[in-house]
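Notes follow the structure.
Number of protein chains: 2
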Amino acid sequence: MQTNVTTFKALGDPTRQKILVLLAGQDMTIGEVVDHFDMTRAGVKKHMKLLEDGHLISVKADGRERINSLNRAGFQTMMQWIAYFDRFWDDKLDALASLVNEEEKE
Amino acid sequence: MQTNVTTFKALGDPTRQKILVLLAGQDMTIGEVVDHFDMTRAGVKKHMKLLEDGHLISVKADGRERINSLNRAGFQTMMQWIAYFDRFWDDKLDALASLVNEEEKE
DNA sequence: TATATAGAATACCAAAAGGTATTATATAGA
DNA sequence: TCTATATAATACCTTTTGGTATTCTATATA
């Protein structure tokens with residue numbers, strides 16, 4: 435329950451969401467990602483940094499290029515955090531079920 | 435694929451995450467939530483507004499009180515968005531499996 | 001070696017976000 | 001009705017964020 439704030443924050447921006455969708459299609463260098471946006475390389479680079487901080491992408495050096503790919507870790511962290519609340523919905527459903535059963539008895 | 439940015443943004447803050455955990459324990463008025471933080475009521479109210487915008491909580495009026503409770507909608511939206519990427523991991527696993535199979539043949 | 005290309009790093013700016021203080025409104029209760 | 005309480009609304013301030021421009025470093029390649 436700590437650094438997942440960084441991960442959720444990374445997803446709280448439309449540009450970064452689009453970058454992830456792009457990378458789901460294929461791994462890319464920053465240059466390739468930039469071609470899909472009307473934004474400077476430096477701007478895109480900042481977004482990539484935040485995605486990396488949130489463990490949503492990982493970078494691998496290859497000569498003078500840097501290959502960016504999706505990183506499952508961030509996604510799993512989020513899923514786990516959200517799953518914590520499943521307990522809540524289950525309780526609600528249980529309570530509803532009990533209520534219905536009680537009424538049926540009458 | 436639109437307003438979920440608001441939802442993820444809402445979760446990208448530690449105070450708001452804590453509020454959700456509190457509400458998972460029990461429904462609360464803003465006043466009750468404030469008691470758990472070293473922050474003004476106005477500050478907490480702003481956070482609640484963002485959580486509501488992201489459909490993570492819903493508010494029900496009761497006299498002069500407002501009862502806040504978790505809203506499953508926001509959680510489901512996020513789960514669905516994240517689930518979009520499952521395809522990616524599956525592909526990766528498939529590719530890995532093919533590779534292994536190829537090697538076994540030799 | 002000289003030069004072009006892929007990327008990193010820094011400084012800077014405007015807008016948005018996190019927070020407080022203050023004022024206003026509606027309802028509960030003496 | 002008068003007063004206290006639960007909340008809403010607005011103005012304001014400081015920090016962070018999204019973005020550009022500019023400079024610097026490293027690696028391909030003519």
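Residue numbers (our numbering), protein chains in the order written: chain D, 435 to 540; chain G, 435 to 540. By construction, the Cβ of each residue, glycine as well, lies at the ideal position given by its N, Cα and C atoms.
| Query | Result |
| --- | --- |
| Sub-9 Å separation of Leu-445 (chain D) and Val-439 (chain G) beta-carbons | yes |
| Inter-residue spacing [alpha-carbon to alpha-carbon] between Ala-531 (chain D) and Asp-524 (chain D) | 10 Å |
| Asn-502 (chain D) classed as buried or exposed, judged by whether at least 16 other C-beta atoms fall within 10 angstroms | buried |
| Proximity test, Cβ basis, 9 Å: Asp-487 (chain D) and chain G | no |
| Expected contact under 8 Å - CB spacing of His-489 (chain G) and Thr-441 (chain G) to nearest Å | 6 Å |
| Beta-ladder partner(s) of Arg-500 (chain D), from DSSP | D:Ala-495 |
| Per DSSP, the bridge partner or partners of Met-462 (chain G) | G:Asn-502 |
| DSSP state of Phe-522 (chain D) mapped onto helix, strand, coil | helix |
| Supposed contact pair Val-478 (chain D) and Val-468 (chain D) - C-beta distance, whole angstroms, cut 8 Å | 5 Å |
| Chain-ordered neighbours of Gly-446 (chain G) on chain D, where CB pairs are closer than 7 Å | Val-439, Phe-442, Lys-443 and Gly-446 |
| Rounded straight-line distance, which links the Cα of Ala-458 (chain D) to that of Phe-522 (chain G) | 6 Å |
| Backbone CA spacing between Asp-472 (chain D) and Thr-449 (chain D) [nearest angstrom] | 11 Å |
| Contact set between Phe-519 (chain D) and chain G, taken where Cβ atoms lie within less than 8 Å | Leu-454, Ala-458, Leu-504 and Phe-509 |
| Neighbour list for Ile-516 (chain D) in chain G, Cβ cutoff strictly below 9 Å | Leu-445, Phe-509, Met-512, Met-513 and Ile-516 |
| Beta carbon of Glu-486 (chain D) nearer than 9 Å to that of Gly-465 (chain D) | no |
| Rounded distance between the beta-carbons of Phe-519 (chain D) and Phe-509 (chain G), thought under 8 Å | 6 Å |
| Simplified DSSP state of Met-513 (chain G), which is helix, strand or coil | helix |
| Beta carbon proximity, Phe-471 (chain G) to chain D, threshold 9 Å | no |
| Neighbourhood of Arg-475 (chain D) by C-beta distance below 8 Å, restricted to the same chain and skipping five residues each side | Ile-464, Gly-465 and Val-468 |
| Cβ-Cβ distance between Gln-460 (chain G) and Trp-515 (chain D) below 9 Å | no |
| Residue range of the alpha helix (DSSP H) that includes Leu-485 (chain G) | 475-487 |
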